[in-house]
Structure formats: C-alpha cells, structure tokens
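Here's the structure we're looking at; comments come further down.
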Amino acid sequence: MNAQKNTAPLDRYRTMRRIRSFEERVGELFLRGESAGSMLHLSIGEEAVVGVTDAMGDGDTFTTHHRGHGVFLGRGADPARMMAEIGGKADGYCRGKGGSMHIASHALGHLGANAIVGGGIPHVVGAGLTYRNKGTGHVSVAFFGDGAMQQGILYEAMNMAALWRLPVIFCCLNNQYGMGTRIDRAVGKLAFGERAEAFGLQAAHADGTDVEEVHDTAQSLIADARGGKPGFLEISSFRFYGHARMDKSPYRTPEEEEEGRKRDPVLKARERLIESGLGSDADMERIDTKADDEMDAALESAVTASPPPLDTMFEDVFHPDSPAPAPQRDRLRAILTETP
Amino acid sequence: MNAQKNTAPLDRYRTMRRIRSFEERVGELFLRGESAGSMLHLSIGEEAVVGVTDAMGDGDTFTTHHRGHGVFLGRGADPARMMAEIGGKADGYCRGKGGSMHIASHALGHLGANAIVGGGIPHVVGAGLTYRNKGTGHVSVAFFGDGAMQQGILYEAMNMAALWRLPVIFCCLNNQYGMGTRIDRAVGKLAFGERAEAFGLQAAHADGTDVEEVHDTAQSLIADARGGKPGFLEISSFRFYGHARMDKSPYRTPEEEEEGRKRDPVLKARERLIESGLGSDADMERIDTKADDEMDAALESAVTASPPPLDTMFEDVFHPDSPAPAPQRDRLRAILTETP
Amino acid sequence: MTAQQTTYREAIRQALLDAMAEDDDVILIGEEVGVYGGAYGVTKGLIDIYGADRVIDSPISEAGIVGAAVGAAMTGLKPVVELMYVDFIGLVMDQLANQAAKSRYMFGGQIEVPMVLRTQGGTGRSAAAQHSQSLEAWMMHTPGLRLCMPATVNDGYHLLRDALRQRDPVCFIEHKGLYTMKGNLDTARADADWGQPAIRRTGGDITIVTYSRMVHEALKAADAMAEQGVEATVIDLRCLNPLDMAPILASVRDTGRAMVVTEAALTGSVASEIAARIGESCFDWLEEPVLRIGGEDIPIPVSPKLEAGSIPDAGLIAETGLWMMRRDTLAWA
Amino acid sequence: MTAQQTTYREAIRQALLDAMAEDDDVILIGEEVGVYGGAYGVTKGLIDIYGADRVIDSPISEAGIVGAAVGAAMTGLKPVVELMYVDFIGLVMDQLANQAAKSRYMFGGQIEVPMVLRTQGGTGRSAAAQHSQSLEAWMMHTPGLRLCMPATVNDGYHLLRDALRQRDPVCFIEHKGLYTMKGNLDTARADADWGQPAIRRTGGDITIVTYSRMVHEALKAADAMAEQGVEATVIDLRCLNPLDMAPILASVRDTGRAMVVTEAALTGSVASEIAARIGESCFDWLEEPVLRIGGEDIPIPVSPKLEAGSIPDAGLIAETGLWMMRRDTLAWA
Ligand SMILES: Cc1ncc(C[n+]2csc(CCOP(=O)(O)OP(=O)(O)O)c2C)c(N)n1
Ligand SMILES: Cc1ncc(C[n+]2csc(CCOP(=O)(O)OP(=O)(O)O)c2C)c(N)n1
Ligand SMILES: [Mg+2]
Ligand SMILES: [Mg+2]
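Residue numbers (this note's numbering), protein chains in the order written: chain A, 15 to 354; chain B, 15 to 354; chain C, 228 to 560; chain D, 228 to 560.
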C-alpha cells in the first residue's frame with residue numbers, strides 16, 4: 015500500500031530518524047539522572063532494522079534483546095510511554111517495573127524485550143505454534159544480537175521452527191560487538207547464514223546501512239515464513255557507541271569507531287532520498303526537526319512523570335484475581351500481634 | 015604399531031565381539047533382577063565405535079552418553095568392574111554409586127558417562143583447554159547420540175572448540191532414534207555434518223557397519239585435532255533393541271527392525287576378516303567363545319559381589335579431607351539429647 | 228462418571244483428556260509425549276485423539292521447548308509442557324524463572340504466561356543422581372511461579388485441572404513412585420480448594436506436614452504411632468506456593484508439635500521453609516521444636532540399598548514422632 | 228604487604244592475582260574477563276599479566292563455559308569461571324548441579340571438579356528483574372556444591388583464596404553493591420576459618436544472622452538498637468554451605484533471640500534454612516520466635532523506589548529487633 019504511493023522510503027527514513035533522535039534523548043535522560051539505572055543500550059547505527067519492522071503486518075508479534083528501542087519504535091511505540099518506562103515511571107509501558115531492558119506492549123505485538131542474551135528467541139517458536147494451530151496467518155520475529163548466535167537455545171529454536179515449518183523469522187542484528195568483544199574473538203567461523211541453513215532455514219543477509227535492501231530482503235523472507243518456510247536474516251551494522259550508556263569502548267580504537275560510524279544508515283537513507291528526488295532538502299529538514307521536537311517532548315514528559323506508588327510492587331506477580339503476595343511487614347505484624 | 019603387524023582389524027573385531035557379548039549379559043543381569051534399576055541402554059549395533067576408541071591414544075580422554083558401555087570397553091575397561099557397577103555393587107568402578115549411566119574411570123581417561131543428554135559434551139572443551147595450556151598433545155573425545163544434536167550446548171561447545179582450536183573431537187553415534195522418536199521427526203534438516211562445518215569444525219561421516227572405515231576416518235580426524243583442528247564425526251548405525259532394556263519399541267515395525275539389524279557391524283567385520291584371510295573360521299570361533307566366557311564370568315562375579323555398606327553413602331560428596339555430611343539421625347539425635 | 232477407582236497415572240491423563248476436550252487451546256508439548264505416550268505413560272493415546280498439532284513430540288531441546296511454551300502461552304495457547312524428569316530442570320531454569328515466572332511482572336501486567344510445566348521427580352527406581360531428585364525448592368523460591376505436587380489420585384486430576392485454569396505459569400510435579408498407585412477419583416469433588424492444603428488424617432497429638440509421596444509414608448507412620456497411642460494429624464501441602472498456611476498453623480497450635488517431612492535433600496528444602504513459618508507463627512503454642520525430616524544432603528546413589536537408605540520412610544517418621552511425644556525413647560538416640 | 232586499605236573489588240582481584248602467581252593451573256574464563264577486565268572490573272589487567280591462555284574471554288555461552296570449566300577441572304586445571312550475573316545461573320544449573328556438584332559422588336570419588344564459579348548478585352543498581360536477584364538458595368540446596376558469599380574486603384580476598392584451595396566445586400557470590408566499599412585487607416589473616424561464620428559484633432540481647440551486603444545493614448541496625456540500649460550480636464555466615472552452625476547456636480542460646488536476614492526473596496531462602504536450624508536446636512533457649520526478614524516475594528522492579536522498597540534495610544531490621552526486645556512497640560504494627 016505504502017509501496018504504491020512510493021512514500022514508504024520516506025516513511026522509513028522518518029522512523030529511522032525518530033529512532034536516532036529518541037536514543038540520543040535516552041542518553042540525556044541518563045545524564046540528567048532521570049533514568050532507572052544505567053543499563054541503557056542504544057541502537058544508534060542499527061536503525062535500518064526499520065526495513066524489517068516495516069515489512070511486518072498488523073497482528074504480527076516479536077521479541078527483542080536488550081537493544082530493542084529501535085525495533086519497538088519501528089512497530090509503532092509511543093516514545094513518551096517508552097521514555098517513561100526507561101525512567102521507571104508509572105506511566106511507562108510496564109508501569110515502571112520493567113525499564114529499558116523489559117519493555118513490551120501486548121497491543122503492539124511486542125512480547126517483550128529481554129535482558130537474558132537469547133532469552134526471547136524461543137518465544138517466537140511458541141508464537142509460531144499458535145499461529146499455525148489457529149491459522150491466523152501471522153508471523154513472529156525474534157530480534158537479537160550477534161552475541162546471541164553463541165547461545166545454544168537459538169539452535170534449539172531454529173531446529174524446531176524448521177521441523178514444524180513455523181511462521182517465524184530469526185533476525186540477527188550483527189553490530190560486530192558483544193560488549194567489549196569483537197565478533198571475531200567470539201566466533202569460530204564467521205558464517206551465520208551457513209549455520210541457519212544447516213538447520214534448515216532460509217537464510218539471507220542485508221547491509222545494515224541500506225534500509226531499502228533490508229526491507230526488500232525482509233519482505234520476501236516474511237512472505238515465505240507465512241507460508242511455513244521459516245527464515246534467518248542477518249543485518250550487518252556497527253554499534254556507534256559503547257555497549258551501555260556508560261561504556262566508553264576503551265577496547266576499540268578511535269579509528270575503528272570513526273570508520274564504523276561512516277556506516278550510518280540514517281544519513282545514507284537521507285542522501286538517497288534527496289538524490290532520487292523523493293524528498294527535498296527542506297522536506298528532510300522538516301522531518302528531522304519534527305522528530306527532534308517529538309523526542310524532546312517525550313524526554314520532558316518522562317522527567318516530570320510520577321514514579322509508581324510503592325505498593326504497586328505487589329501487583330502483577332500473579333493474575334489480579336488471585337491474592338497478591340503479602341508484604342513482609344504484614345507477616346511480621348501478624349506474628350507479633352498474634353503472640354499471646 | 016598394530017597396523018604394521020596388521021593384527022589391528024582382528025583386535026578390533028575382538029573388542030566389538032566382547033562389547034556385543036557384554037551388552038547381552040547386561041540384559042541378563044536385569045532379567046535376573048540383579049541390575050541397579052532398569053535404565054540400561056545397550057549399545058548393540060553400535061560396536062563399530064571401536065574404530066574411534068582404537069584410534070585414540072594413551073592419556074586421551076573422553077566422555078560418553080548413557081549408551082556408553084561399548085566406548086568404555088573399547089578404551090580398556092574391565093568388564094567385571096563395569097558389570098559390578100551396573101549392579102550397584104561396591105566393587106564397581108564407582109563404588110556402586112553411579113551405575114550404568116554414570117560409569118567412569120580416571121585411570122582410563124573416562125571422564126564420565128552422563129544421564130543428561132548432551133551433558134558431557136562441553137567437558138571435552140575444558141579437557142582441550144588443559145591439553146592446550148599444558149602442551150600434552152592429548153585429545154579429548156565426546157561421544158553422544160543423534161538426540162544430543164538438538165541440545166544447544168553442543169553448538170556452544172563446537173564454537174568454542176573451533177574458536178580456540180582445541181584438540182577435541184565431537185563424535186555423534188547416530189542410531190536413527192532418540193527413545194521412540196525417529197530422527198526425521200526430531201530434526202528439521204538431516205545434515206549434521208553441515209552443522210558442524212558451519213561452526214568451523216572439520217566434519218566427516220562413517221558407515222557404522224564398517225569398523226575399518228570408522229577407524230580410518232577417526233584416525234585422520236584425531237591427528238588433525240591434535241594439531242588444533244577440532245573435528246566432528248558422525249557414525250551411522252541402527253539401534254538393534256529398545257531404548258532401554260525394558261522398551262519393546264512398539265513405535266517401529268518389525269520389518270524396520272529386521273532391516274535395521276542387517277546392519278550388523280560385528281557380523282560384517284567377522285565376514286570381512288575371514289574373506290581377507292586375516293582370520294580363519296576357527297580363529298573367529300575362538301575369539302567369540304573367549305568373549306562369551308569372559309562376559310559370563312563378569313556377569314557371575316557381579317551377581318555375587320557385595321553391595322556397598324550403607325554408610326558409604328556419605329562418602330565422596332566432598333573431598334575426603336573435609337567432613338562428610340552428617341547423617342540425619344545424628345542431627346536429630348543431637349537436637350533430642352541436647353534439649354534440657 | 229464422577230467417582231471411580233483408578234491410578235494416579237490415569238487420573239492425570241484424564242485431567243489432560245478433559246481439559247483438551249473442553250478447550251482447543253490446550254496443547255501438549257514434550258519429548259515422547261505423542262507416539263510413545265510419555266516416558267511414564269501419562270499421555271498415552273492422546274495423540275490419536277487430538278492429533279499431532281495438539282500433542283507435539285519435541286526434539287531433545289528442553290530449554291527450547293519450555294521457551295516455546297512461554298511464547299505459545301503469551302499468544303493465546305494453553306500449553307502443557309512435559310519435562311521428562313525434574314532433574315532436567317537445570318536446563319530450563321532460565322526460561323522458567325526468568326521468562327515464564329517474571330513476564331507478567333516485568334511487563335506491568337500486560338502479558339501473561341498461562342502454561343503448565345508437568346514433570347516428575349523422586350526416588351525409588353535406582354535411577355541414580357541425575358534421574359531421582361526432588362528439586363521443588365528451586366521453584367518455590369521463584370516469585371511468580373505457582374507450584375503444586377499431587378499426592379493422591381484425586382489430586383492428580385483436580386490439581387492439574389486447577390493448574391490449567393490459572394492465568395499464571397504453574398509447575399506441576401508428579402512422583403515417579405506413585406504412577407501405579409490406585410485410589411478414588413471423583414471428578415466432581417476436589418480434596419481441597421486450589422491453594423489450600425488437605426488434612427489427610429486428624430489427630431490431636433502431633434502435626435505432620437508433608438507432600439507428594441511422603442504423604443503416604445506419613446500416613447503409615449501415623450498408623451504405627453496410633454498403635455502406641457499417639458494420634459497424628461497429617462497435612463498434605465498440595466499447592467506448595469502460594470500456599471495458605473492458616474490450616475497448618477491452626478493444627479500446630481492445636482497439637483503443639485510439628486514435624487515437616489520432605490523427600491528432597493534437607494538443606495534449603497521446602498521442609499525448612501515450612502518449619503521456619505511454623506516456628507515464627509506458632510512459637511507460643513509449641514511444646515517441642517519443629518523437627519525437619521528430609522533426604523540426606525547427598526546426591527542420590529544408584530545402589531538400591533543406598534538409595535532407600537538416603538530417604539525418609541515411615542519408620543523414621545514414627546520413631547521421631549514418638550520421641551516428640553516422649554512416649555518412647557529413640558531407638559537410635 | 229600484609230595489611231592495607233582497599234576495596235572489595237580490589238581484594239577479590241588481589242586473590243586472583245596471588246592465586247595465579249602461585250599456581251599456573253589457575254585459569255580464568257568468562258565473558259569479558261580479559262580485554263574488558265570484567266563487567267564489574269574485578270579481572271582488570273589480569274590478561275596483560277597472565278596472557279590470553281590463562282585469562283580467557285569467552286563467547287556468550289554460559290552453559291558451555293561452565294561445562295568447559297568442569298572438564299578443565301577434571302583434567303588438571305583449576306578454573307575460575309565468571310558468570311557475569313547470578314541471574315544467569317538458570318542457564319547453567321545443569322552443568323553446575325548435575326555435573327560439577329555430583330561428579331565426585333557419581334564416579335565414586337575417582338574424578339574431582341576443583342573449580343570456582345565466581346558471580347555477583349543483589350540489588351541496588353535498578354537493573355531490574357533479570358539482573359538483581361539473590362539466588363544462592365538454589366546452590367545451597369545442591370549437595371556437593373560449596374557456597375560462599377563474602378561481605379567484607381578481607382573476606383573478598385580470603386574466601387576466594389580458600390575457595391581456590393578446595394578440591395570441590397565452589398560457588399562464590401559477590402555483591403554488586405559492595406565493589407566500591409573500602410575496608411581493611413590483611414592477606415595474612417582471615418576473618419575466620421573456612422567453613423566458619425564470623426562474629427562481626429557482639430551483644431547479649433539478640434543474635435542477627437545474615438550474610439553478604441545485609442551484614443552491613445545489620446551492623447547499622449545494631450548501632451541504632453544500641454542507642455535504645457539493645458545490644459545485638461551480628462553473625463556473618465560467609466560459608467553458607469557446608470556451614471558450622473555451632474557458633475550461631477551458641478550465640479542464640481546465649482541471647483535467646485534470633486533474627487535471620489537475607490536480601491533474597493524470603494520464601495525458600497537461606498534465611499528459612501537457618502531459621503529452621505535455629506528453631507530445631509535452640510528451642511529451649513528461645514525467648515521469642517526466630518524471625519526472618521527478607522526480600523519481598525516478588526520479582527525485582529526497575530523503579531529505584533520500588534526496588535529499594537522491596538529489600539530489607541537497617542530500619543526494618545532495627546525496628547523488628549527492638550520489638551523482639553519489647554523495648555519499643557513496632558511503628559508499623
Ligand atoms: C545470558 C546473558 N549473558 C550475558 C549477558 C550480559 N550481556 C548483556 S548484553 C551482552 C552483549 C550482547 O551482545 P549482542 O548479542 O551482540 O548484542 P548487542 O549488545 O551487540 O546489541 C552481554 C554479554 C546477559 N545479559 N545475558
Ligand atoms: C536432558 C535430557 N533429556 C531427556 C532425557 C531422556 N532421554 C534419555 S536418552 C534419550 C534419547 C537420547 O537419544 P540419543 O541422543 O539419540 O541417544 P541414544 O539413546 O539413541 O543412544 C532421552 C530423550 C535425558 N536423559 N536427558
Ligand atoms: Mg552485538
Ligand atoms: Mg539415538
């Protein structure tokens with residue numbers, strides 16, 4: 015639909031630019047002492063994932079790793095509620111209980127970000143079983159980093175997806191690093207696609223600086239997955255900044271960083287759009303400014319939002335129909351006051 | 015050395031025939047009610063693994079899965095002590111604490127049989143680190159079934175072995191079944207060697223009816239592994255009997271079983287030896303009878319052996335220099351008698 | 228049919244049958260649950276009735292399977308995943324404790340994981356250290372995870388039906404030594420409400436609190452003690468977590484004596500938790516210390532003699548109980 | 228150098244340095260232990276001294292790494308494997324509990340697994356439900372596995388040196404909230420012998436038993452109580468399992484009052500185990516019930532306010548302790 019009007023590439027640029035702007039403000043939130051903790055993993059440099067999220071449809075679901083802000087925005091998240099969650103506020107997507115690493119939205123098909131490397135991967139296999147059994151035609155996508163390629167559970171999941179022909183995509187966002195370890199120091203043979211193929215998946219690779227290539231590749235893989243042919247997509251990019259907000263990446267050289275940051279998917283998309291006449295310089299400026307304004311507002315609203323009331327900590331452990339766990343003070347009070 | 019005298023194939027036949035005979039008596043031990051439990055997994059049909067054990071050298075180590083009697087005999091185990099362990103007797107390799115699924119021998123390099131599918135696989139990676147760091151020139155071999163190919167830890171281990179160029183071999187004894195599940199119902203794409211290659215290992219396949227093919231393949235892989243080029247070897251065979259001693263395999267047809275049992279590595283080796291003139295009919299009879307006699311004696315000695323004294327249960331939890339866990343009765347006695 | 232004599236295995240199977248008939252979203256997944264019918268035969272024949280899409284034979288990929296069940300539960304199915312032995316739980320604790328148990332909480336109540344992990348544990352088959360454990364304490368220490376362990380035929384049915392009605396993850400642990408036990412199944416009547424312990428025997432002298440197979444040892448011990456004139460109440464925890472302690476505390480306040488029995492290695496066990504709770508809440512009513520009886524703090528040895536010797540039995544329970552009444556002196560003290 | 232002021236982090240690092248200098252077989256393996264120097268900086272610089280063959284940066288393969296450490300230990304190395312967060316223990320419980328802890332036993336004493344699993348846990352950094360847990364209870368419930376948790380700078384050094392002298396697997400859990408804490412390190416003198424608790428403060432009115440970071444909250448609470456005229460003994464478990472209970476029992480028999488404090492979710496915690504033991508062995512000496520104070524039975528929320536509110540602190544400990552002395556009425560009772 016978007017493709018017919020040919021505004022899709024512009025829309026994708028807009029989303030990528032919003033992600034960039036959002037992540038920069040997450041960093042600011044931290045510097046202002048307003049984030050819940052310091053475990054903030056920015057997806058700057060990996061915005062071309064929008065090529066995948068844009069190829070997904072209504073009702074499709076996904077899980078992400080700890081660096082999943084961009085994916086979630088790509089699937090339509092409200093940046094203000096995201097920022098509030100990252101700040102541990104009551105208005106956040108998870109009522110201030112999950113934070114950056116555990117953001118989710120049932121309504122938007124986000125089955126959960128995960129702070130366990132590889133932890134969310136098998137969930138899409140289960141979602142695939144649901145879609146197969148109910149015949150819904152949906153697909154479920156697991157987003158994870160190159161580090162998760164060394165977690166065994168990935169291969170268990172791949173085998174099951176292939177064996178049962180499930181509508182599932184495994185999407186590896188390969189940013190060359192797992193914390194301070196460059197991929198060649200973690201992997202015996204750099205051939206992730208081969209691994210996936212050996213497990214019976216359809217494998218593809220896309221250049222993470224080229225959102226349109228990502229989109230085309232994802233679209234075809236997702237279509238096949240809906241037909242019962244699960245796929246694996248590796249997107250190569252470069253992690254622009256440290257592992258988490260505080261990490262200054264002393265384990266890599268400034269030259270490597272400078273070189274890596276030239277692989278900027280946002281800038282490249284912008285240039286391409288202008289070149290191809292899909293947007294003027296002024297159009298792009300407008301998009302950029304609007305994105306920045308939107309994210310400034312999200313940041314400010316998160317800062318001023320309220321933290322959750324203390325006793326909400328006992329909610330959401332079990333279904334609300336069952337009693338919540340008793341606060342410790344209640345137990346001690348009962349012991350103390352019942353003693354004759 | 016053996017190869018020069020050319021008695022090696024005859025030796026290998028002898029070992030295979032001893033394994034066959036041993037396993038038959040394990041079945042008998044159970045029927046006579048003298049085994050510790052019923053979790054007895056016979057390796058009948060998989061005796062060609064002797065091609066691997068014979069290619070290993072002094073000081074090399076290995077781990078096995080639950081169907082590892084044959085491997086252990088191939089590495090020189092005393093069948094009487096094995097049978098005693100399977101009977102849960104004090105004279106067994108593990109003092110009657112481990113049984114069939116946890117047999118081991120420090121002296122013979124057997125780092126342990128494992129009742130967790132895939133559980134022993136990563137241990138060879140650690141052994142490989144030891145040999146690398148100490149420069150011993152040894153190799154460590156993990157033996158496991160086709161079922162373990164679906165355990166994620168295998169791929170974590172393969173990646174580490176390839177990454178660190180460790181002297182390690184992963185040996186998959188593919189007998190077509192994991193319990194009642196034929197391999198094609200458990201595996202999305204039947205291409206185990208491809209998986210291993212994708213992880214950076216040197217992969218090979220050998221026909222499990224042909225011990226000499228197994229031996230040649232293993233010898234070359236092991237030599238490369240000693241040089242820091244870890245390998246994967248798949249040996250195809252057929253599980254002649256049920257999963258454990260009591261399983262009558264209702265999930266497969268008599269025809270499939272009959273067909274499968276034609277793939278008899280022991281019979282094939284015997285015929286080949288006679289054909290090639292390496293042994294006469296009479297030679298082979300002598301070997302067979304000797305094997306049966308040896309295993310009859312092992313069986314009888316296990317039956318008459320003593321069970322471990324009750325209080326040995328507290329030994330071997332910790333190193334003998336530290337206090338053993340206190341028996342419960344001692345604790346209760348202390349509570350009861352100290353009360354004023 | 229409401230009441231009938233049947234086995235523990237059959238009762239559990241019946242619960243699966245009935246739940247699957249009522250609700251198409253209930254699926255089974257696990258190693259050998261389909262064609263083979265389950266390592267202990269609990270799911271026998273279900274694949275013929277409900278087909279391979281609902282009774283799913285899985286590869287030997289425990290972590291992956293439990294993870295798949297989590298995802299299926301999140302998206303609208305009601306999976307029952309079978310872990311062949313609770314001893315394999317170490318392979319899935321991340322998916323169980325970090326994923327299934329915490330999802331509702333971490334995601335602020337948006338996403339629920341209504342799944343049941345069925346497994347079995349315990350000794351009695353000389354299955355050695357990796358196939359004989361009782362590891363429920365790990366699950367009890369996991370907020371957000373429900374835990375129940377049926378001891379009777381009727382509970383085999385009702386606790387599983389109840390577990391399948393929860394919108395939370397439930398760990399349901401059977402005992403390998405009970406599958407062939409016969410008893411009465413009344414599908415219309417549970418032994419107690421979900422979350423409530425069941426009082427299996429009433430006596431005014433001492434309260435024995437236990438669960439799973441040890442309920443039967445405790446009942447045997449209570450009979451033996453009765454011959455000596457000591458009457459014990461035997462309480463079966465059933466739902467170990469969350470658990471309504473009120474009936475237990477009431478009984479101990481009445482008898483003034485409590486013993487907590489588990490088959491698991493004693494240190495860090497469920498028995499320790501229950502003993503600590505009783506100690507806190509019944510202090511002024513206690514005539515004797517709350518005693519714990521459990522498995523020895525050792526791995527389970529394969530030798531049948533050693534295995535049996537490492538686990539509590541009716542003899543030890545009765546002996547200890549009688550001592551607590553000071554009706555007898557401890558044979559071994 | 229024997230005595231010096233340093234941090235908990237530095238003390239642990241020093242233990243690794245010294246052990247590696249003494250014994251070439253000691254190796255480190257784990258995610259980011261080499262070039263990065265450890266997620267919490269404990270292994271900083273060690274790779275430059277001992278090289279990449281002894282300080283091994285691993286892939287993100289927790290189960291595989293722990294399994295590799297088991298095999299290395301079996302064949303003659305002395306591996307120290309770092310698990311970045313104890314929250315990831317669910318990925319390795321099979322290798323830890325079924326393999327490392329049981330090998331000596333299953334194999335009848337032939338094969339030993341002298342390895343140390345170093346990890347860290349606890350709250351305080353708003354790291355949410357999967358990076359803030361205190362899961363030591365799972366390890367305590369594992370026969371064959373030694374468990375220790377240093378609370379002080381000196382113990383950071385000595386407990387790790389001692390752990391590396393064991394011929395058994397040891398789980399060594401640090402606390403993320405203590406790394407920057409300063410204190411005295413005397414490399415020549417441990418706070419107590421291996422396997423023994425340490426008495427951190429002596430008082431005749433009440434015994435507070437705890438470990439890891441909560442030792443410091445208990446000490447603060449003891450000071451606050453002292454202002455009200457109540458003198459507490461504070462005992463630091465140090466080696467949680469196996470553990471010599473004698474000093475603890477002696478203290479409780481002396482004071483007649485005991486409180487056990489843990490940061491972990493209370494149900495099924497180490498506090499429950501210790502409380503149950505005290506209840507059994509000190510019954511006739513107790514003036515008050517043995518009270519347990521722990522984390523709430525919930526996953527850890529990310530909001531700093533909720534996180535802090537879910538964990539015991541000096542205020543709650545003192546308040547409860549004072550009530551036990553009936554010197555004060557409970558503000559919240
Ligand atoms: C199971 C597990 N192991 C280790 C960690 C610590 N950790 C968090 S992110 C990370 C690196 C992950 O790398 P990658 O998968 O490539 O994702 P990226 O951070 O590059 O996006 C590590 C080691 C974790 N959170 N979970
Ligand atoms: C982790 C684990 N999962 C399941 C089992 C139960 N089990 C024991 S053997 C077996 C089949 C193993 O098949 P395979 O690896 O092919 O070995 P085989 O028995 O064919 O030799 C299963 C499922 C187990 N022991 N451990
Ligand atoms: Mg990465
Ligand atoms: Mg097999």
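Using N, Cα and C, we set each Cβ at its ideal position, and we do this for glycine too.
Item	Value
CB-CB length for D/P286 against B/M174, believed under 8 Å	6 Å
Contact check, B/P279 vs B/S251, beta carbons under 8 Å	yes
Sub-8 Å separation of C/V282 and C/L255 beta-carbons	yes
Chain-order list of residues whose beta-carbon lies under 7 Å from that of D/G268 (same chain, five-residue window excluded)	R236
Among D/I338, D/S353, D/V297 and D/L304, the one whose alpha carbon lies nearest that of D/I527	D/S353
Proximity winner among B/R46, B/E211, B/P339 and B/M163, relative to C/L493 (alpha-carbon distances)	B/P339
The stretch 414-426 of chain D in contact with the stretch 462-470 of chain D per 3-pair CB rule at 8 Å	yes
Integer-rounded CB distance, given that B/C186 should sit under 8 Å from B/R163	It should be pointed out that residue 163 of chain B corresponds to Met in this sequence rather than to Arg. At roughly 6 Å, the Cβ-Cβ gap stays under 8 Å, so B/M163 and B/C186 are in contact.
Ligand 1 heavy atom lying under 7 Å from the CB of A/H55	yes
With 16 other Cβ atoms within 10 Å as the buried cut-off, status of C/R416	exposed
Outcome for A/H333 when other beta-carbon atoms lying within 10 angstroms are tallied against a minimum of 16	exposed
Secondary structure of A/F213, DSSP reduced to three states	coil
Contact residues within the stretch 47-71 of chain A, judged by C-beta distance below 9 Å to chain D	S49, A50, G51, S52 and M53
Outcome for B/K262 when other beta-carbon atoms lying within 10 angstroms are tallied against a minimum of 16	exposed
B/A296 burial status per 10 Å Cβ neighbour count (16 or more: buried)	exposed
Proximal residues to D/Q326 (C-beta, below 6 Å), its chain only, five neighbours per side dropped	V297
heavy atom of ligand 3 below 7 Å from A/N189 C-beta	yes
Nonlocal neighbours in the same chain, by C-beta distance under 6 Å from D/T437, ignoring five residues either side	A445 and V488
Run of the alpha helix (DSSP H) containing C/A246, from where it starts to where it stops	Y235 to E249
Residue from C/L386, C/T379, C/R388 and C/I433 whose Cα sits closest to the Cα of C/R440	C/T379
Pair within 8 Å by beta-carbon distance, C/E507 and D/P516	yes
Bridge-paired residues (DSSP) for D/E182	With chain D covering only 228 through 560, there is no way to say anything about residue 182 of chain D.
Every unbroken alpha helix (DSSP H) inside the stretch 108-150 of chain B [4 residues or more]	135-148
heavy atom of ligand 2 below 7 Å from A/F184 C-beta	no
Interface flag, A/I100 vs chain C, CB-CB below 8 Å	no
Residues that C/F315 contacts on chain B, provided the C-beta gap is smaller than 8 Å	I130
7 Å Cβ shell around C/D413 - same chain, five flanking residues per side excluded	T229, A230 and N381
C/A242 and C/R392 closer than 8 Å at C-beta	no
Start and end residues, beta strand (DSSP E) containing C/A279	Premise fails: C/A279 is in no beta strand (DSSP E) and is neither H nor E.
A/Q190 to A/R109 span [Cα, whole Å]	33 Å
Contact set between B/G202 and chain A, taken where Cβ atoms lie within less than 7 Å	N173, A176, L177, F213 and G214
Cβ neighbours of A/G256 in the same chain (closer than 7 Å, five flanking residues each side left out)	K262 and S263
Buried versus exposed, by CB contacts within 10 Å (16 or more), D/I276	exposed
Residue burial classification, A/L235 (beta-carbon count within 10 angstroms, cutoff 16)	buried
Within-8 Å CB hit, A/A162 to chain C	no
Which of helix, strand or coil DSSP assigns to B/F328	helix
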